[in-house]
Amino acid sequence: MRVYVNRMPVEIAASATLAELLEVQKIPVDGTAIAVNNRVVPRAEWPTTRLDEEAKVTVIRAVCGG
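Position one of the sequence shown corresponds to residue 3 (our numbering), numbered consecutively onward.
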């Protein structure tokens, strides 16, 4: 099925979880916040949050600078 990660289309297995998407896309979990369809998903819910066709996943990475 197709979902969108930061507006880019990504093909994943049907009924994949948010945690599985992050693993397949090699998105590091440290310093990362995730929203699905404009709803922030707590990290504890990533393994159980199933994605639907056309879901819009927003990945926000914290960065440090100086």
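Heads up, the beta-carbon is just placed ideally off N, CA and C, and yes, glycines get one too. Please read all numbers here as calculations on a predicted model, not as lab measurements.
Identify whether residue i lies in helix, strand or coil by the three-state DSSP scheme.
i	result
Arg-4	strand
Pro-49	helix
Val-26	helix
Ala-57	coil
Ala-35	strand
Can you say whether residue i is buried or exposed, counting buried as having 16 or more other CB atoms within 10 angstroms of its CB?
i	result
Ala-35	exposed
Thr-50	exposed
How far does the alpha helix (DSSP H) with residue i in it extend, from its first residue to its last?
i	result
Val-43	Element bounds for Val-43: n/a, residue is neither H nor E.
Whole angstroms is fine: what's the gap from residue i's alpha carbon to residue j's?
i	j	result
Ala-57	Val-43	13 Å
Leu-23	Ala-64	19 Å
Which stretch, first to last residue, makes up the beta strand (DSSP E) that contains residue i?
i	result
Val-12	10-13
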